[in-house]
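Scroll down for the structure; my scribbles are underneath it.
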Amino acid sequence: MPKFIGSVSCLMHFLFVVQLVSMGAIEMSGPFWPVHLKSLSLTSELRFSGTAVYVLPMVGIMLTSTFWGEMGDRMGNKMMMLRALLGLSLTQFVLAWTDNIMVILILRFIQGACAGYIAPAQAYGVSMIPSDKRPRLFAYLQISTNVGSFLGTLVGGIILDYLSFFWINMIAAILCLLSAVSILIFLPQSHGVLSCLKEKPCLDKSIPPISDEYPRSYIFGLLMILGLLLVSRMIPQSSFSLYIIDIYKESHLTTGFCYGLQALGLVVSATCWARYFENKNIFESMKNLSFIALPILALKR
């Protein structure tokens, strides 16, 4: 079986392309689930299903992420990447053929439970790439995630304008399957952390020890803020596409473009913000972010 042969740069580019394709495949259907569910249900049912179709995958991720992390330590991150992509491919394939709302919601939950590609992809890259290249790797994968999300919503809009929702799911299933096959063929196997520890201590001298400089309450506060940010992002998600299509009478392509602008904004600005806050005190950075967020909040009002 041929294996991936090349420089660290080639490996990083390979991971970039696979993550872009797989994230784009999943995001093709992202904005349009409410539109699809509206064609299958009554208005009263849509209020529940339009929200649950986004919430249930996250519930699945929350319930299984620790388990998959432990399995990654035992079996290696390449196996976890394959598991995630094959799970996504299979669920997308089945979703393409079902018109039953409850089945769709169950499959979305299973999809979340089987998913989780980004974390093992990052862990795989860390295990295969020298420490001085890791910041670049994380930046690459972050960019590929958001570029894939943006392009996926555009492609999904084009497909829905000219074909049907069936083809969005079917094409996504094929792309995820191709991504899994490419990883299976070209990427070398990574060893799990537990097997590594049996052979020799896997201590990276370049990683500084964990500091007790910041109390746990600060970490808890940051986690709470991240959770609230995610909730604020999720609130308009279930009604966004219906709002654009019903109120503004726009095409699915335009709807997908509007939906994907948030991901595009991250691609454009992430590097600039990273450089701006790079050498600043963390508390000063949080204060500056608050000053940036308040005018945006006022603008939304």
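For the sequence shown, my numbering begins at 23 and goes up steadily by one. From the three backbone atoms N, C-alpha and C, an ideal C-beta is built for every residue, glycine too.
The Cβ atoms of THR277 and PHE38 do not sit closer than 9 angstroms to each other. Taking GLY91 as the centre and dropping the five residues before and after it, the same chain places the C-beta of ALA141 closer than 8 angstroms to its C-beta, in chain order. Remark: three or more beta-carbon pairs, one from each stretch, lie closer than 8 angstroms, so the region 194-212 and the region 107-118 are flagged as touching. The region 85-104 makes no contact with the region 171-186, as fewer than three CB pairs between them are under 8 angstroms. In this structure ASP121 is in contact with LEU62, their Cβ atoms being roughly 6 angstroms apart against a cut-off of 8 angstroms. Rounded to whole angstroms, the gap between the alpha carbons of MET102 and ILE269 is 42 angstroms. In this structure, the beta-carbon distance from LEU163 to GLN284 does not fall below 9 angstroms. Listed in chain order, the non-local C-beta contacts of ILE190 below 6 angstroms within the same chain comprise MET50, SER51, GLY178, ILE181, local neighbours out to five positions each way being set aside. Burial state of ILE247 is exposed, judged by a 10 Å Cβ sphere holding fewer than 16 other Cβ atoms. Per DSSP, reduced to three states, the secondary structure at LEU108 is helical. In the structure shown, TYR281 adopts helical secondary structure according to DSSP, grouped into three states.
Counting along the chain, ILE196 sits inside the alpha helix (DSSP H) bounded by residues 187-208. The Cβ atoms of GLY72 and PRO56 sit closer than 9 angstroms to each other. DSSP, read as helix, strand or coil, puts SER263 in helix. Along the length of the region 142-194, whole alpha helix (DSSP H) runs at least 4 residues long occupy 156-184, reported in chain order.
Taking all protein chains shown into account, ILE318 has fewer than 16 neighbouring C-beta atoms within 10 Å of its C-beta and is therefore exposed. For ALA145, the closest of PHE279, SER186, GLN133, MET93 by C-alpha to C-alpha distance is MET93. GLY138 and TYR240 have their C-alpha atoms roughly 27 angstroms apart. Here DSSP, grouped into helix, strand and coil, assigns TYR270 to helix. Looking at the backbone, the Cα of MET308 and that of LEU244 are separated by about 10 angstroms. DSSP assignment within the region 47-106 yields the following whole alpha helix (DSSP H) runs of 4 residues or more, N-terminal first: 55-62, 65-97.
Put simply, the backbone Cα of LYS60 is about 11 angstroms away from that of SER263.
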